[in-house]
Structure formats: C-alpha cells, structure tokens
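Engineer:
Residue numbers (UniProt numbering): 1 to 387.
#1: Which residue from 355, 195 and 172 puts its Cα closest to that of residue 392?
#2: So which of 118, 359, 38 and 262 has the shortest CA-CA distance to residue 169?
#3: Going by DSSP in three states, residue 323 sits in which element: helix, strand or coil?
#4: From residue 371 to residue 325, what does the alpha carbon distance come to, in whole angstroms?
#5: Would you call the region 330-337 and the region 356-374 touching, i.e. three or more CB-CB distances under 8 Å?
#6: Excluding sequence positions up to five away, which residues of its chain have a Cβ less than 6 Å from the Cβ of residue 259?
#7: Taking only the alpha-carbon atoms, compute the straight-line gap between residue 233 and residue 269 and give it to the nearest angstrom.
#8: Can you tell me whether residue 87 is buried or exposed, with buried defined as 16 or more other CB within 10 angstroms of its CB?
#9: Going by the beta-carbon positions, is the gap between residue 180 and residue 214 smaller than 8 Å?
#10: Go ahead and label residue 340 buried or exposed: buried means 16 or more other beta carbons lie within 10 angstroms of its beta carbon, across all protein chains shown.
#11: For residue 132 and residue 178, which I take to be in contact (beta-carbon distance under 8 Å), what is that distance rounded to the nearest angstrom?
#12: Taking the C-alpha atoms as reference points, what is the distance between residue 204 and residue 193?
#13: Would DSSP call residue 350 helix, strand or coil?
#14: Could you tell me whether the Cβ atoms of residue 29 and residue 267 are closer together than 8 Å?
#15: Measuring alpha carbon to alpha carbon, tell me which residue in 120, 216 and 96 is nearest residue 159.
#16: Just to check my reading of the structure: residue 46 and residue 254 have Cβ atoms closer than 8 Å, yes? What is that Cβ distance to the nearest angstrom?
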C-alpha cells in the first residue's frame with residue numbers, strides 16, 4: 001500500500017515491555033497518513049478530510065485529528081457526543097437508524113443530516129423534526145465488474161436514496177426543502193473507473209439540486225491506495241469534475257472525503273503474548289492472550305514482529321484466545337519459533353478493532369496506548385519508557 005507508515009523503532013525492541021494484550025496507536029504515523037492524503041487531494045478545490053468516527057472512538061486519537069484540521073463523520077448520537085468532546089469543528093452525519101428525535105438533536109448541534117432513506121425523511125417531516133435545509137445520501141447505478149461487486153454496491157446498496165424516484169421528488173416539492181448536501185458512499189472506490197462513475201453521478205445530482213453546497217464522496221479508499229497510479233488518476237478525475245461543477249454554479253462547492261480504515265488502520269498495532277505453543281503435523285499452533293474473533297473481524301492481520309530469542313523458524317498457525325474453532329489471526333505463517341511467553345506485534349489494529357469488538361467469554365478490551373515522541377502513554381493512565 002502506497003500510504004503505509006513505517007513501523008516505529010521503539011516497537012522493534014526486544015526490551016519493549018507492556019502488559020498484554022495491548023493496542024498501540026502511533027501519532028507520527030497518523031500525521032504521516034494525513035499529510036499523504038492532504039498532498040494527494042490538494043489540487044481538488046476546497047476539499048476537506050473527515051474521519052469516520054465509527055472506525056475508532058478513542059478520544060485521544062480524535063483530539064490528534066482535530067489538531068490536524070480533520071473533520072468528523074458520525075452515524076450515531078454516541079459518536080456525535082465523542083466527536084464533540086474531542087473538539088471537532090466540522091461534523092457530518094448520516095445513518096438510516098437516526099430517529100426523528102435524534103434528527104432534531106443533529107439540527108440543534110448545527111449539523112444538517114444526510115437522510116439515508118425516504119421513510120426516514122417522511123417520518124422526520126411528520127414529527128416536525130426537519131428544518132428547511134437537508135442533506136441526502138444518494139445511490140445510483142454503477143457499471144461494475146464481477147470482481148468489484150463484493151465490495152462496491154451501486155444502486156444495490158441498502159444505503160441511500162434514488163433521487164429519481166417520485167416519492168423523494170414529491171417530498172422535496174411539498175415541503176419546499178432545499179438540498180444543501182449530497183452524500184454518496186457505495187462501498188469501496190477501488191479504482192479510477194469507479195471514481196469516474198461516482199463523480200459523474202454526483203455532477204448529475206448537482207444539475208438537479210443547484211443549491212447544493214457540500215458534496216461528500218464518503219470513504220472506501222483503502223483498496224484504491226494499493227496502487228499509486230490509480231490514486232493519481234482517481235484524484236485527477238475528481239479534480240476535473242469538481243472544477244466543471246464550480247464553473248457551472250459560478251461558485252465553489254465544499255468537497256468532503258471520509259477515510260476511516262485508510263486513515264487509521266495501519267497506525268495501530270496489537271501486542272499479544274503466546275499462551276500455548278504445540279507442534280501438530282507440519283504446523284506449530286500457538287494461542288495468544290487476545291482474540292481475533294473478538295477484535296479483528298474486519299481487519300485480518302499480518303505478523304509485523306516477533307519478540308523471541310529463537311532463530312529457528314517454523315510454520316505457525318496463530319490463534320486467538322476463545323474457544324471458537326475459527327478464532328484464528330493467521331492461518332499459516334513462516335516465522336521465528338514462538339514459545340510460551342514470547343510476544344508478537346500484529347497490524348493493522350488502528351481501525352474497526354475496538355470500535356466493533358465482540359465480547360466472547362467476557363474478555364475485556366485490550367489496554368490502549370498512545371505512542372508519541374518515542375514515549376508510550378496508556379490512555380487514562382501512566383507513561384512508560386523502554387530500557
């Protein structure tokens with residue numbers, strides 16, 4: 001991936017020792033990734049980055065993003081509360097689960113909601129929860145390859161409104177609503193061809209809603225960043241479309257992208273200790289003191305580093321701590337032999353780990369640590385040095 005930050009040297013240190021399991025977030029890596037994305041999109045007029053708070057609600061990390069000038073995207077009132085506590089100045093919100101009462105809360109906080117379904121908008125209108133200005137999360141047809149259908153959804157997405165439907169046209173006209181924001185997120189923007197279709201679709205939306213002020217292209221950028229050439233082509237395409245839109249409107253729209261996984265995933269590491277180590281057949285099966293099933297459902301990890309004195313290598317199956325047969329971090333990996341008491345460093349663990357963790361066996365979440373200026377700080381706790 002072209003945007004991978006370097007592994008901190010402090011973590012590649014056999015004397016590095018904290019209680020496990022632990023998740024460590026690298027502040028310098030976050031700064032690096034943010035700068036990389038900002039540099040990539042700098043040629044697109046009036047474009048801003050918002051972080052999808054659903055990816056990680058750690059308030060220390062969110063405060064770091066605030067310092068870097070990042071905005072927030074929230075999908076619940078709980079996420080709104082933590083975003084406000086972190087100090088985000090620019091917050092956007094969309095979710096089909098927002099109730100009419102919660103829609104009112106968004107408006108009271110100066111947030112125009114991007115309505116995700118027609119019935120959500122109808123219900124909010126019926127309850128008097130909607131102000132004159134609204135946002136719409138939209139969906140439209142994309143011409144996709146079979147290989148893209150698993151991660152990119154187009155009009156098949158369960159999220160978003162078909163703005164060509166008679167229902168939405170009737171509601172907008174009946175209530176005199178002004179569409180100020182258009183939001184699209186149809187899964188992974190895997191390549192420049194998909195971005196071209198999404199950008200052209202948004203250009204059509206602007207033709208329908210000329211009062212629009214914000215165009216939100218969502219996230220789903222992680223796969224794209226595995227190919228530097230596609231990254232360049234993608235942002236070149238968006239630059240051209242946005243400049244045409246600005247010329248059409250004779251003013252600048254605000255453009256939002258919302259990376260969650262891309263921005264934070266590789267900035268976090270899981271440190272875990274080996275509890276059992278047994279040879280079965282041609283594999284060494286090890287059990288860690290953390291659970292892949294509980295923590296890494298969305299983020300299959302790689303082994304970054306082994307904290308062991310062994311030089312001989314074995315084929316390993318690295319397993320989690322639950323009694324679920326499929327609780328496996330890595331099915332097969334050739335690395336230094338891991339014995340009981342050895343530790344491993346796994347990544348990515350910065351996004352969609354703690355924010356969507358399971359609770360099998362009642363295992364607690366790992367402690368969370370911040371790595372900054374070559375020092376470790378436990379979230380809500382003490383500072384630790386390395387000998």
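C-beta atoms are modelled at their ideal positions from N, C-alpha and C, and glycine is treated no differently.
Structural biologist: Taking the structure as given:
#1: Residue 392 falls outside the range modelled here, since the chain spans only 1 to 387, and no answer is possible.
#2: The shortest Cα separation from residue 169 among 118, 359, 38 and 262 belongs to 118.
#3: In this structure, DSSP gives residue 323 a state outside helix and strand, which the three-state scheme calls coil.
#4: About 34 Å.
#5: Segment contact: the region 330-337 against the region 356-374, fewer than three CB-CB distances shorter than 8 Å; contact not assigned.
#6: Result list for residue 259: 219 and 221, in chain order.
#7: So the two alpha carbons sit approximately 31 Å from each other.
#8: With fewer than 16 other beta carbons inside 10 angstroms of its own, residue 87 counts as exposed.
#9: Closer than 8 Å, so yes.
#10: The Cβ neighbour count for residue 340, taken over all protein chains shown within 10 Å, is under 16; the residue is labelled exposed.
#11: Under the criterion of beta carbons closer than 8 Å, residue 132 and residue 178 qualify as touching, at roughly 6 Å.
#12: Pairing residue 204 with residue 193, the inter-Cα distance amounts to about 17 Å.
#13: Residue 350 sits in coil when the DSSP states are folded into three classes, being neither helix nor strand.
#14: In contact: residue 29 and residue 267 (Cβ atoms closer than 8 Å).
#15: Ranking 120, 216 and 96 by Cα distance to residue 159 puts 96 first.
#16: Residue 46 to residue 254, Cβ: 5 Å. Contact.
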